[in-house]
Amino acid sequence: MFLQRDYSKTKMQLLLNYCFGHSMSSLLLCPVTNAILINHCSERKDSNHGCGIHGSGPNAEYQWATNPKWDTKTSKWLNKTLEELEMAQDWRLLSMEIVATRDIEAGEEVSR
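First residue of the sequence shown: 12, per our numbering; consecutive thereafter.
Here it is, written out as structure tokens:
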């Protein structure tokens with residue numbers, strides 16, 4: 012006999028782990044691309060393992076998109092209110108880029 016478990020809270024928490032938010036805002040941004048799969052690299056002193064090659068720490072970070080060749084919308088929407096964002100008729104308003112913060116060695120995973 013198998014017991015059926017309710018995983019709905021676990022699934023929601025897993026989703027939230029990959030979203031961007033702030034305690035002073037009700038806006039929550041959840042990426043819809045595989046960019047969410049970047050590893051998290053903690054710099055906490057209590058961490059038992061180094062991150063990156065030789066424990067050199069994170070090698071990338073997210074930033075608002077800055078390339079007008081592929082993203083023409085982000086700069087227009089960054090100063091909009093939550094109400095204006097909610098009323099938008101477009102499915103993609105804001106984009107983020109992943110940029111290297113140091114050299115990334117061959118074979119090293121991208122981490123933030």
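Cβ coordinates follow ideal geometry from the N, Cα and C atoms, glycine included.
Remember, it's a predicted structure, so these values are computed and weren't measured experimentally.
Is residue j closer than 8 Å to residue i when the C-beta atoms are compared?
i: T77; j: E108; result: yes
i: V43; j: A71; result: no
i: L96; j: W102; result: no
i: C52; j: L39; result: no
From the DSSP secondary-structure annotation, give me the bridge partner or partners of residue i.
i: I109; result: Y73
i: S122; result: N50
i: G32; result: L39
Just to check my reading of the structure: residue i and residue j have Cβ atoms closer than 8 Å, yes? What is that Cβ distance to the nearest angstrom?
i: S122; j: I49; result: 6 Å
Give me the Cα-Cα distance between residue i and residue j, rounded to the nearest whole angstrom.
i: K80; j: L104; result: 15 Å
i: E116; j: M98; result: 44 Å
i: P69; j: N28; result: 17 Å
i: C41; j: S86; result: 18 Å
i: N90; j: I47; result: 24 Å
i: R113; j: S34; result: 29 Å
Compare the C-beta of residue i with all C-beta atoms of chain B and state if any pair is closer than 8 Å.
i: T83; result: Note that chain B does not occur in the displayed structure, where there is just one protein chain.
Please state the DSSP three-state secondary structure of residue i.
i: L26; result: helix
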